[in-house]
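Chains as they are written, first to last, in our numbering: chain Z, 2 to 227; chain P, 27 to 107; chain S, 27 to 107; chain U, 145 to 752.
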Amino acid sequence: MSAARVGVVTFPGTLDDQDAARAVRLVGAEAVPLWHADHDLKGVDAVFLPGGFSYGDYLRCGAISRFAPLMEELIPAARAGLPVIGTCNGFQILCEAHLLPGALTRNASLHYVCRDQRVRVEQTATAWTGAFEQGQEITLPIKHGEGRYVASDDTLAALESGGHVVFRYLGNPNGSLNDIAGIRNEAGNVVGLMPHPEHAVEDLVGAPSTDGLGIFGSILKNLVNT
Amino acid sequence: MARVIVDVMLKPEILDPQGQAIARALPRLGFSGVSAVRQGKRFEVELEGPADEAALEEVRKMAETLLANTVIEDYSVRVEG
Amino acid sequence: MARVIVDVMLKPEILDPQGQAIARALPRLGFSGVSAVRQGKRFEVELEGPADEAALEEVRKMAETLLANTVIEDYSVRVEG
Amino acid sequence: MSERGEGASRHMTDSVKRASETPDEPMPFAELGMKQDEYDRVKEILGRRPTGSELAIYSVMWSEHCSYKSSKVHLKQFATKAPKSEALLVGMGENAGVVDIGDGWAATFKIESHNHPSYVEPHQGAATGVGGIVRDIMSMGARPIAVMDALRFGAADAVDTRRVLPGVVEGISSYGNCLGLPNIGGEVVFDPCYIGNPLVNALCVGLLRKDQIKLATAPGPGNKVVLFGASTGPDGIGGASVLASATFEDESQAKRPAVQVGDPFMEKLLIECCLELYAADVVVGIQDLGAAGVSCATTELAAKGTGGMDVDLNLVPLRDPTLRPEEILMSESQERMMAVVRPSDIPAFMAICEKWDVPATVIGEVTDSGRLVMTWDGEVIVDIPPGTAADDGPVYERPFHEPAGQVALNADTPDRLERPADLRETLLKLLGSPNLASKEWVTSQYDRYVRSNTVLAQPADAGMLRISEAIEGAEPTTRGIALSTDGNGRYAKLDPYAGAQLALAEAYRNVAVSGAKPLAVTNCLNFGSPEDPEVMWQFAEAVRGLADACRALGVPVTGGNVSFYNQTGSTAIHPTPVVGVLGVIDDVAKRVPTGFVAEGLRVVLLGD
Ligand SMILES: Nc1ncnc2c1ncn2[C@@H]1O[C@H](COP(=O)(O)OP(=O)(O)O)[C@@H](O)[C@H]1O
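Right, dumping it as structure tokens:
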């Protein structure tokens, strides 16, 4: 069996692309660099939209990136079922691209916050969380200034009743509604979260946990099973 | 050459922590008589040509798709003057 | 109850990286005819009383000391309407 | 805008020809901070009066900031007393020093101040401080891999501290985070002496292969001079408008801002763009544009290369089309670099810049004329031997003597202090004091994880990075580097010689206890006015102390920065040498974390 190929997207200003690629390799998959200006998904099996400050996060985080040529390919592919995950800036881009509902706004504290964050896995029925236990509590780093999840009351109600909240903060760091740290789309192939699984995959560096491996392990499991 | 202004504000039901922080700071700084503050964005868009209806329509599209996130924000477009 | 608007923009000679990034992105997004964009802030200040001269004077002071950083920004105050 | 445009067009260009024809025209050298004898030397060098543009170049290049005219005679000791070090690949005199860290790898690091701008506009001042030091590191051919910041503020509860401190921290955080550089350490110290003169010292460390070092040099006649990055605007050229208007009796030049605004996104693009340019081997020499902008880059590149350069200033891309040549020369616009490129490599160079959305423009050519020649509207406005501006600045042996109260200050020992009655209360008070309390409220605003190479960061005494994965495609190594910055103005005030040594010793220890072997030193010397003999004494003593200590410990100084004039009226800050030490650890897995890591371990006190 050839290794699963996970695309890692680089926009101008993307920062965590090397880290995401390393995490993909750590679980035995192949990391395929995808460039924002190409109309080419290179036939990957899944896509990781890493964090950073794409286009400086000027205007609104993710607002400019969502118009990239690559996104013109990615948006229909995601709608058609391609597994896609966005972390931090990647989550913001997925919301701006309307692949996920709601929006991420300025932290309630008005400060950027970098810390190790306890998070509960609320939903394992997604392409990216199948390797976790339902309700498992994990530690992942967060580092963002605009991570406060907001959505209309209707949207929130639909997220909750549909089981679309994937991660919830234990100790809300940014004022997110319903302590939401991550969500999925209806089909479960698209997931966005503010915490950074790619910074929690090795003992030596990053957060004092390797819980992030679960995300990368999940996609592998998912791809092998299908 | 004309200038078009696009104002973008958070929808009223969305929490505005920046505006709140300012409103809370005001009494401490000796300002009274303010019941609320909301903070939004103002864009000054310089057009190469005149601000005719076609140009304004372009700016409206720009506001709708790029300058504002209509999930959480409202916008308004007007010619300066 | 009246609403006063405070617009805060970077002084013209100060670099506006945000506005520049937007302006540079526009052609790629299919918008043409824009020569420059500048991004600033808009504050909506709700007064408890009427927007008389005394109240406006207060808001001007507020803009000068808190809402704008006059080292790099200009501001203007006006009653909405 | 249009008014200024018309005003500008009324200007007559002060060409070399015109300068020769009007030898007695008074020039505003004093307004630009130049002394009469310095101005006379310029005239002697040129054999005529300088043009406005030439005066702009000499005045910035001969400023204290760029020429180190008051500190040079003392800083020499870092070289003359330097211990033998096989690790030193590039020493003082370049944008940053480079040390060999083994297995074919090299590290480059440097600390620099941005004190005054951070007082005027804390956010932008601190942000552009980070931006500047990162470009220094980039210009050595390295990938910047981490930053640190050493900060000093007035009393924590002072009104002005409430203005300055949040802005500074936000500025460092927003700029550094946006570049994707982990912040792995630094200092935050409060003392009333810094109230009107906060210190913002930023350190950057970069990594490169030993054989990839780039230098600021422009060799090879016919090679092209490329300016790339942000366009040039009226940033930080308050002084230059004096020139433009005073020379030409023209009031039309609006007041120019002294504040520089940073664009971290452009800088991030510049980093990636530069690394790709290096990898493609299309850069012969490179220099960042910091203080003194185009003046500094052109004179230094030319002076260190074949010796000559022709530049057409009309080709410099402008953000404000009304800028005069004098202003272009002095502009401190951020996020710009200058490269020397073989003509045949220009297409490849431009293609890489385009890929990263970085504007790039050929503005000139290397020559063997021994002259830096610049034109504007077809007229020659600068024609100078570049070395006279870059290297042959004035050198001062400033008088110094021990401060009048120094003996009394030292005689006033803690013996006089009342013994605290309640130790518990005293301890709690100490723990709660701003200088000892947790700094997490600062460090939590800095990204310490990005790039996933951070082995140690806050609260460890030294930051540590693994290096094997810091550059794409490099062969694996278990090695890592550790860094610490330290300084104590109160010790240095009591005894600047010992105070500087203590700063080094502390940084050295912090690196050593992480498990790394200290290798090299950088320093930022923050002092009051060198024209005050008592301050100058503090400076001389601190440098002497640091140089002696470096020799004793066997670690060379590879570079640094001097910041003078940190004073309000006649009151100077405490002399504050901030010292950074870089060390190497053979196996990062063997790092020693700070704190009691497990129960039951013995606690041993070492030293006395
Ligand atoms: N305190 C210092 N210790 C050691 N070297 C110093 C010190 N201050 C300046 N230098 C060195 O002097 C040289 C000139 O300074 P430089 O960094 O080029 O100035 P700038 O960056 O402001 O143009 C550099 O090599 C620098 O490392």
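Quick reminder that beta carbons are idealized off the backbone N, C-alpha and C, glycines included. Remember, it's a predicted structure, so these values are computed and weren't measured experimentally.
Range of the contiguous beta strand (DSSP E) that encloses E470(U): Element bounds for E470(U): not the beta strand (DSSP E) but the alpha helix (DSSP H), P469 to M474.
Between R29(S) and chain Z, is there a C-beta pair that is closer than 8 Å? No, R29(S) lies away from the interface with chain Z (no Cβ there is under 8 Å from its Cβ).
Nearest-angstrom Cα separation, counted from G56(S) out to L73(P): Roughly 15 Å between the two C-alpha positions.
Closer than 9 Å at the beta carbon, the chain Z residues around P43(P): For P43(P), the neighbours in chain Z by C-beta distance under 9 Å run, in chain order, T106, R107, N108, A109, S110, L111, R149 and G176.
Using the three-state DSSP reduction, which class does Q711(U) fall into: helix, strand or coil? When DSSP states are grouped into helix, strand and coil, Q711(U) belongs to the strand group.
Helix, strand or coil for F359(U) per DSSP? The sequence as given places Leu at residue 359(U); Phe does not occur at that position. Assigned with DSSP and collapsed to three states, L359(U) falls in coil, not helix or strand.
Taking DSSP as the reference, what is the three-state secondary structure of T557(U)? Here DSSP, grouped into helix, strand and coil, assigns T557(U) to coil.
Just the C-alpha distance for T598(U) and G324(U), rounded to the nearest angstrom, thanks. Using only the alpha carbons, I get a separation of about 12 Å.
Return yes when the Cβ of I220(Z) is within less than 8 Å of the Cβ of D78(Z), no when it is not. As written in the sequence, residue 78(Z) is Ala, which differs from the Asp given in the question. I220(Z) sits away from A78(Z), with the two beta carbons spaced by 8 Å or more.
How long is the line joining the alpha carbons of P70(Z) and R50(S), rounded to whole angstroms? If you take the alpha carbons of P70(Z) and R50(S), they lie about 15 Å apart.
Using a Cβ-Cβ cutoff of less than 7 Å, which residues in the same chain neighbour N259(U) once the five nearest sequence positions on both sides are dropped? Hits under 7 Å: N341, P342, L343, V344, N670, S707 and N710.
I need the DSSP call for F372(U), collapsed to helix, strand or coil. In the structure shown, the three-state DSSP call for F372(U) is strand.
Assign F740(U) to buried or exposed, taking buried as 16 or more other Cβ atoms, counted over all protein chains shown, within 10 Å of its Cβ. Exposed, by the Cβ-count rule.
Which residue marks the beginning of the beta strand (DSSP E) containing H145(Z), and which one marks its end? H145(Z) -> beta strand (DSSP E) spans E138 to H145.
Let me make sure I understand the geometry here. Which of G196(U), N632(U) and C348(U) has the alpha-carbon closest to that of M171(U)? The candidate whose alpha carbon is nearest that of M171(U) is G196(U).
Inter-residue spacing [alpha-carbon to alpha-carbon] between W585(U) and L575(U): Cα to Cα, the separation comes out at about 15 Å.
Figure out for me which residue from V506(U), M474(U) and G531(U) has the closest Cα to the Cα of S189(U). Position check: residue 189(U) holds Ile in this sequence, whereas Ser was assumed. Ranking V506(U), M474(U) and G531(U) by Cα distance to I189(U) puts G531(U) first.
Do you know how far the Cα of F92(Z) is from the Cα of G213(Z)? Per the coordinates, the alpha-carbon of G213(Z) lies some 16 Å from the alpha-carbon of F92(Z).
Please work out which residues of its chain come closer than 7 Å, Cβ to Cβ, to T96(S), disregarding the five sequence neighbours upstream and downstream, and give them in chain order. Excluding the 5 residues flanking it on each side, T96(S) has same chain C-beta neighbours closer than 7 Å at E90, in chain order.
Helix, strand or coil for K179(U)? Go by DSSP, reduced to three states. In this structure, K179(U) counts as coil in the three-state DSSP scheme.
Can you tell me where the alpha helix (DSSP H) with S162(Z) in it begins and where it stops? Unbroken alpha helix (DSSP H) run through S162(Z): D154 to S162.
Closest Cα partner of G631(U) within the set K358(U), V736(U), A294(U) and V460(U): It is A294(U).
Could you tell me which chain Z residues have their CB closer than 9 Å to the CB of A47(S), listed as they occur along the chain? Taking a Cβ-Cβ cut-off of 9 Å, the neighbours of A47(S) in chain Z comprise Y56, G57, Y59, L60 and I65, given in sequence order.
I want to verify the contact list: residues of chain U whose CB lies under 8 Å from the CB of Q19(Z), in sequence order. Under a criterion of Cβ atoms nearer than 8 Å, the residues of chain U adjacent to Q19(Z) are, in order, R595, S596, E613 and E616.
State the DSSP-derived secondary structure class of L55(P), mapped to helix, strand or coil. Of the three classes helix, strand and coil, the one that applies to L55(P) here is coil, per DSSP.
On the three-state DSSP scale, how would you describe T702(U)? Three-state DSSP puts T702(U) in a strand.
Beta strand (DSSP E) runs wholly inside the stretch 633-685 of chain U, at least 3 long, in chain order: Within the stretch 633-685 of chain U, the complete beta strand (DSSP E) runs of at least 3 residues fall at 661-670.
Using the three-state DSSP reduction, which class does F409(U) fall into: helix, strand or coil? Of the three classes helix, strand and coil, the one that applies to F409(U) here is helix, per DSSP.
Check whether the stretch 712-727 of chain U and the stretch 261-280 of chain U are in contact - that is, three or more C-beta pairs closer than 8 Å. Not touching, per the Cβ criterion.
Do I289(U) and V349(U) have their C-beta atoms closer together than 8 Å? Cβ distance < 8 Å, so I289(U) and V349(U) count as in contact.
So, is the C-beta of R64(P) closer than 8 Å to a C-beta in chain S? Interface criterion met: the Cβ of R64(P) is under 8 Å from a Cβ in chain S.
Can you tell me which of the three DSSP states D692(U) falls into? DSSP, read as helix, strand or coil, puts D692(U) in helix.
Spatial distance of E79(S) from A28(S) (CA atoms): Distance between the alpha carbons of E79(S) and A28(S) is about 12 Å.
Near-chain Z residues of the stretch 90-102 of chain P (beta-carbon distance less than 9 Å), N- to C-terminal order: Residues are counted here when their Cβ sits less than 9 Å from a Cβ of chain Z; for the stretch 90-102 of chain P these are T91, L92, L93, A94, N95, V97, I98 and E99, given in chain order.
Starting from the Cα of P142(Z), find the closest Cα among I65(Z), N223(Z) and Y113(Z) and give me that residue. Here the closest residue by C-alpha is Y113(Z).
Between which two residues does the beta strand (DSSP E) carrying C115(Z) extend? Counting along the chain, C115(Z) sits inside the beta strand (DSSP E) bounded by residues V114 to V122.
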